[in-house]
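Novice:
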Amino acid sequence: CDSSDYVHFQIAGAAVRAISPFDHATIPPCEPRLRHSLFVQLTVLTSIVQSHLSPFFQEIVALILRHWRAHLSPILRLIEKLARAAPSDFKVSYFPQILPRLLEVLNPQASHLLAGSAEGTPSNPPATSNETPPLSAPGGPVNDLEISENIGGLASLQIQVVHVLIVCGPAVEDSVYVVVPALIRLLEHGETALDVKVWIIGLLAHLILLGPTFEHYAGPRLFLSLQRVLRNSSSSDKNRKFGDIVVYCMGAITYQLQEGWLSYKYLLDSITQYLASEHVATIDQWTEMISRSERMTKEVVESVLSAEHKSWFTDATEALSASTSNTKLHVNQQNLRRAWEASQRSTKEDWLEWMRRFSIELLRESPSAALRSCCSLAQAYNPLARALFNSAFVSCWNELYEPNQDNLVRALETAFQSDTIPAEILQTLLNLAEFMEHDVEALPIDIRELGELAQKCHAYAKALHYKELEFHTSPSTCIEALISINNQVGQPEAAVGILKYAQWHHRNVIQVKESWYEKLQDWSNALELYDKKLIETPNDLEACTGKMRCLEALGEWEQLADMAKQVWTQVDLVRDDNTRPMKKSLFDESLVKTVGLLGARACWWLSEWQTMEQYVSGVSSSGPSMGALTGTPSSTDSELGGLCGLYKSVLAVHHNQFEEAQQWINATRKELDTTLGALVGESYLRAYNTMVTLQQLGELEEIVEYKKICVLKPEESVAFKRHMVNTWTQRLSGCKRVVEVWQHLLAVRSLVLSPHEDIDTWLQFASLCRQSGNLTLSLKVFTHALAVHSNPNIEDYRTSFSPMSFSSFGYSEKDHYRVAFAYLKHLWTVGAKPKALQDLGSLVETLTRRPNTGNSQELVKCQLKWAEWQMAIHEQQLDKVSVPSVLTALKNCTELDPNSYKAWHAWALMNFQVIEHESTKPVPANTDNYIVSAIEGFFRSIALGRSRWAANVQQDILRVLTLWFTHGHKTDVHSALNAGFQSVSIETWLIVIPQLIARIHSPHPRIQTQLHRLLCAIGSQHPHALIYPLSVALKSPLEVRQRAAESIMNSMRRNYVELVEEA
């Protein structure tokens, strides 16, 4: 499992670091024994951790090469494990380093290796040592190779090397030209042990079957070697064993040669005379098969192998896995059962202790030795127990009897249903359920229960998974939940798609609910459906609450306050009189709390503090929710508790009850602490709303501090307020641009800050509402927050907007025009485009007639927007637009604000559009003036955009190139371009080098000269950016391109000789 691999990974690193410091010059005599043991244990670790150990391979190989002769036998076993753990990495990076040492052992005169190897080997084998090794190889000895005790020491090492080469088969295939000659020399040597020869022939056959790279060694050379070796063998028993592997090798050659096999009849006869009759019959069958033009297959070749020989070429990984699974420690299921028993847990502390004890007991009883060894450390360091919880659970789960598994599931369900269990433990159990489903098998727990639990913990990604599974079996019960969860995880498109799916595929079965539109934040449609429902059932508290939520989102505070008052009155009557139409059994107390809190929110915005206090008091005195009564409180309960504490804090701040306010702020923070921890565990994005509430509490504390200063040190209050407002402004700029978030924060700030004191923020809020489509709330900003008149007539704003009405907006003269301009953008968005354009023109005239340095920025913004709307209302058709008036307005913007990127860009773009429009006419007019103006404007916008990093100027640069390569041969245009090149940095052109190189052979001398000069300038400062495109141009079939590229290359050669020569 993953966690135990991690543990072994850390241990392996420690083992590598333990071996590394040893040096033959300084270690005492006893150290080689320890080093030998460490190599053995490192081999065990490699077999367990597999590829996860690859970060240590370089260090391990370095140790192998350093201690090669001293510990050759365990090192060869370690090499096998490394090759199996990460075959690709080992083949490419490490096998070439080890191969020369392996070939050294295959030298017939390699007896000198025995002395060095014996030095580092314990006199007693590790298996019979009295000392218990730190780790045990799972299922048996570390090496998978069984070698006869009668084989000499050198022969044993040579067999191990051959076995290593078999394991490293694909890597050896790339080095056959080095390996095979060494193998044949050892094979033909007279003193080579027969068992070594058997292994060598098996390896040669294995290499032949691997691929075509061995074909050059098949045929006469190998036939002759086999013939000589067979001739020199004497023992009949060994000849029989040797004959088996020789026939296998000849079969491999047959597979390689196919019909070419028949060409070696003489050599075949010289070999078969030394083989047993059954072996000769097998070879004759192959010859007959080839004669019939049948293909020799690997299956036919491998069929002659004995079981012993087949085991040589079997991947040991499967055997290792099998042995690992069969060597499990005993699990005391009674101890585990006592640990997971959850029926007597009633407090938060009980559940924390339950989780701690259960985690430790899972490690203590784990059948995995690796996990069990972590138990002692986990007892001292509980985060380790949490980190290994999933792995320990899985290891024990598979060992439990079925009744105990059922009992464990019931214990987990008890934990899920507890109303006192901490959210972090629920998160851990949810992660466990996900881990089991993903890596093992799903726990036998209803996915509906898991989905509800995930929503309760704000684990929306998990909730979405479970609800999607539920949707396949019961779509009608989870559509609303899917819509809500998709919105929570930031997938509004998926939420809309679910609604459309339900409407299309289940319209006869599923009735679209009002709350679905609410989850989609389609407040207008939701409000319409709630109104229809309330006409049919006027006493439906759930529908009333839903409508109130819509009114809150739309900013209809007066309607929300009126409705809250009506519903709250009915609720009070129901509590006193059960004969009322709104029965107690028909509503949940949490809905009553929601009504009260929505009413309190409306009163907050309307500054009706007394009524707000009544709502908050009523919510505080109401009973527990229906969910709490059934033992399954929803996350809404904690959210409502947090809002109630926030509103109490607001009331205390308003009444200047500072100590009480601080108490409520602290209590609310504590209330939100658990919720925040669970949400942050999912993601910061999903914890954002709770973070906003905490920010509101923090700003309430700042307001308390400000009010205290106003009383104690009034002379410092102005400076403190200024600093506080600046801090709030910076803080708000870092907040998410969501209407709901800004609305909550502005509500807190309104306690000490009126809109006219922070008009910039309110204008940004209006823009945010407009961009998000909440036009009702956008209008409320102008008619309530930013309007002087207390009861403005909205229709007056829509229909009779004249220069005289500008004074209706804002408070100061400067504010009049800013607010008026913002309102006209709102008017344009709602669809009154002709009226908005006309009134914007009036506003521009008014600002123009009243020259004031303080209004110049507003005039620039208004004229830019007027030009933009002129084009938009005529659908970008220049024939219908007064081009001179638009250009004049834009030119005025560049003169009023010479440093405005938007002004220069808009003016240049308008000139560019005129040029393109004229070029489409049969008889185009003279556009030279427009071309020069466009070039000047684009160069200026490029300079401003790049210096401030305020705009993406790539499109402007490309338009300059278009004008340059089309009209650059004209005198005026040429002069404008020269001036423009001097006004921008050379780095500007790095992003369009391909376009510049493409025109390097322009037929116009002026364009070519300018382009040559620009490219030389680029090459002098950024040669690497230019060298490759120029190298390509030098190979162009067009001679003119070659000459132009060579000219620029020669100019670069003066400063960058080596770079040009390399190119």
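FYI, the numbering for the sequence shown is 165 to 1227, going by my numbering. Backbone N, C-alpha and C fix where the C-beta goes; we use that ideal spot for every residue, glycine too. Small disclaimer: the values here were computed from a predicted structure and weren't measured.
#1: Quick one, which of HIS1186, LYS871, HIS1138, TRP926 has its alpha-carbon nearest ILE1157's?
#2: If you reduce the DSSP assignment to three classes, tell me which class MET1074 lands in.
#3: Between which two residues does the alpha helix (DSSP H) holding LYS1055 run?
#4: Determine the DSSP secondary structure at SER1195, reduced to helix, strand or coil.
#5: Is the region 876-892 close to the region 827-836, with three or more CB pairs under 8 Å?
#6: Helix or strand or just coil, what does DSSP make of ARG1207?
#7: With 16 as the cutoff for other CB atoms within 10 Å, does GLU1225 come out buried or exposed?
#8: Buried or exposed for ARG199, please, with buried defined as at least 16 other CB atoms from any protein chain shown within 10 angstroms of its CB.
#9: Can VAL1263 and ILE243 be called in contact, C-beta distance under 8 Å?
#10: Which of helix, strand or coil does DSSP assign to ASP1239?
#11: Between which two residues does the alpha helix (DSSP H) carrying GLU682 extend?
#12: How many whole angstroms separate the CB atoms of THR1091 and ILE1079, which I take to be in contact at a CB cut-off of 8 Å?
#13: Output needed for CYS621: all residues of its chain with C-beta closer than 7 Å, excluding positions within five of it in sequence on either side, in chain order.
#14: Quick one: Cα of THR461 to Cα of GLY415, how far?
#15: Starting from TYR848, trace the alpha helix (DSSP H) both ways and give me its first and last residue.
#16: When DSSP labels each residue in this structure, what does MET727 get in the three-state scheme?
#17: To the nearest angstrom, report how far apart MET1035 and SER1083 are at their CA atoms.
#18: Hey, out of ALA597, SER582, GLN543, ARG550, whose CA is closest to TRP561's CA?
#19: Give the range of the alpha helix (DSSP H) segment to which ASN1142 is assigned.
#20: Can you tell me the Cα-Cα spacing of HIS443 and ARG248, whole angstroms?
#21: Among the candidates LEU1125, THR1152, TYR430, whose CA atom is the shortest distance from the CA of GLN1159?
#22: Taking the alpha helix (DSSP H) that ARG509 falls in, what are its first and last residues?
#23: By the DSSP assignment, the alpha helix (DSSP H) with ASP603 in it spans what residues?
#24: Assuming LYS1029 and LEU1004 form a contact by the criterion Cβ under 8 Å, report the distance between their Cβ atoms to the nearest whole angstrom.
#25: Classify HIS887 as buried or exposed, calling it buried when 16 or more other Cβ atoms lie within 10 Å of its own Cβ.
#26: Just checking, does the region 673-692 make contact with the region 654-663 on the three C-beta pairs under 8 Å criterion?
#27: Go through its chain and collect everything with a Cβ distance to LYS1066's Cβ below 7 Å, but skip five positions before and after it.
#28: Do ALA1189 and VAL1148 have their beta-carbon atoms positioned less than 8 Å apart in this structure?
#29: Assign GLN652 to buried or exposed, taking buried as 16 or more other Cβ atoms, counted over all protein chains shown, within 10 Å of its Cβ.
#30: Out of curiosity, what's the CA-to-CA distance linking LEU861 and LEU715?
#31: For ALA911, collect the residues of the same chain with a Cβ closer than 7 Å to its Cβ; drop the 5 residues on either side in sequence, then sort them by chain order.
#32: I'd like the list of long-range same chain contacts for GLU835, defined as Cβ closer than 8 Å, with 5 residues on each side in sequence excluded.
#33: If you reduce the DSSP assignment to three classes, tell me which class ASN1219 lands in.
#34: Assuming LEU321 and VAL269 form a contact by the criterion Cβ under 8 Å, report the distance between their Cβ atoms to the nearest whole angstrom.
#35: Apply the 10 Å Cβ neighbour rule to LYS757 and answer buried if 16 or more other Cβ atoms are within range, or exposed otherwise.
#36: What separation, rounded to the nearest whole angstrom, lies between the Cα atoms of ARG521 and GLU824?
Specialist: Put simply:
#1: HIS1186
#2: Here MET1074 sits in helix by DSSP.
#3: 1047-1060
#4: SER1195 falls in the helix class under three-state DSSP.
#5: no
#6: helix
#7: exposed
#8: In this structure ARG199 is buried. Its beta-carbon is surrounded by 16 or more other beta-carbon atoms within 10 angstroms.
#9: The chain is shown from 165 up to 1227; residue 1263 falls before or after that span and cannot be answered.
#10: Residue 1239 is absent from the structure shown; the chain starts at 165 and stops at 1227.
#11: 678-683
#12: Taking 8 Å as the upper bound for CB-CB distance, THR1091 and ILE1079 are in contact here, some 5 Å apart.
#13: ALA587, LEU590, GLN591, LEU594, ALA842
#14: Note on geometry: alpha-carbon atoms of THR461 and GLY415 lie some 9 Å from one another.
#15: TYR848 -> no alpha helix (DSSP H), and no H or E assigned at all.
#16: helix
#17: 19 Å
#18: ALA597
#19: 1135-1147
#20: 34 Å
#21: LEU1125
#22: Segment: none, ARG509 is in no alpha helix (DSSP H) and carries neither H nor E.
#23: 587-603
#24: 6 Å
#25: exposed
#26: yes
#27: LEU1028
#28: no
#29: GLN652 is buried by the Cβ-count criterion.
#30: Each residue's Cα considered, the two are about 25 Å apart.
#31: TRP768, TRP769
#32: SER802, GLY805, GLY806, GLY809
#33: coil
#34: 6 Å
#35: Buried is the call here.
#36: 41 Å
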